[in-house]
Amino acid sequence: MFDEEVALDMIRSSIILLLSEKPLHGYGIMKEVENRVGKPVNPSLLYPFLKQLEKNGLVRSTKKPVGMKPKNIYELTEPGKELAAHIYRRIASMVSLAIEPNLNICFHCGCKIYEGGYQENIVDKERIFCCVHCAQAYKNELSSVIHPSKDSRRRKRK
Ligand SMILES: [Zn+2]
Numbered sequence: 000m001f002d003e004e005v006a007l008d009m010i011r012s013s014i015i016l017l018l019s020e021k022p023l024h025g026y027g028i029m030k031e032v033e034n035r036v037g038k039p040v041n042p043s044l045l046y047p048f049l050k051q052l053e054k055n056g057l058v059r060s061t062k063k064p065v066g067m068k069p070k071n072i073y074e075l076t077e078p079g080k081e082l083a084a085h086i087y088r089r090i091a092s093m094v095s096l097a098i099e100p101n102l103n104i105c106f107h108c109g110c111k112i113y114e115g116g117y118q119e120n121i122v123d124k125e126r127i128f129c130c131v132h133c134a135q136a137y138k139n140e141l142s143s144v145i146h147p148s149k150d151s152r153r154r155k156r157k
């Protein structure tokens, strides 16, 4: 069940959640992830991911002196904080699903769907949302997080 993709998503999610608590520099993120997940995060994974987040406007970095030399301190922007809130809600909704398996939960906002709901097939998976707007918001979020290269290319062309 825990394949590499899932593990990678968990590390990515935990980096975003960490940054929602406080701004950190790269090394601080590595230490904290190791403390919490029990596994070190590879710098070759961390820094490109932070760069992607920054490109997508989810994270901003500022150089601040830490010890002898300046380091990039990463913090979430407003859209980044929204993403962190979505991750929290999604985790909470998964727990609800586990204890109330007959309940449908909006895949985007995490609200409980007592009747109706809106279904859409996204990336070959049937997802349920509370409404069409949540489905659209989820797709927007997905494309900005998963396909950042397309966005940046589009931006450069302007
Ligand atoms: Zn919703």
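Numbering (numbering that gives the first Met the number 0), first residue to last: 0 to 157.
Where a beta carbon is used, it is the ideal one built from N, C-alpha and C, also for glycine.
Only a predicted model underlies this, so the values are computations on that prediction, with no experimental measurement involved.
Here the distance from the Cβ of His107 to the nearest heavy atom of ligand 1 is below 6 Å.
At a cut-off of 6 Å, the beta-carbon of Phe48 does not count as near ligand 1: no heavy atom of the ligand is closer than that. In this structure, Leu49 lies near Tyr73, with their beta-carbon atoms less than 7 Å apart. Shown here, Pro100 sits in coil according to DSSP, grouped into three states, outside any helix or strand. Distances from the alpha-carbon of Pro42 to those of Arg11, Lys54, Pro22 and Leu16 put Arg11 closest. Among the bridge pairs identified by DSSP, Leu7 is matched with none. Contact between Ile127 and Cys105 is confirmed by a C-beta separation of about 7 Å, below the 8 Å threshold.
Of all alpha-carbon atoms in Ile121, Glu119, Tyr113 and Glu125, the one lying nearest the alpha-carbon of Asn101 is that of Tyr113.
Within the stretch 67 to 144, the runs of beta strand (DSSP E) at least 3 residues long that lie entirely inside it are, in chain order, 68 to 75, 117 to 121 and 124 to 128.
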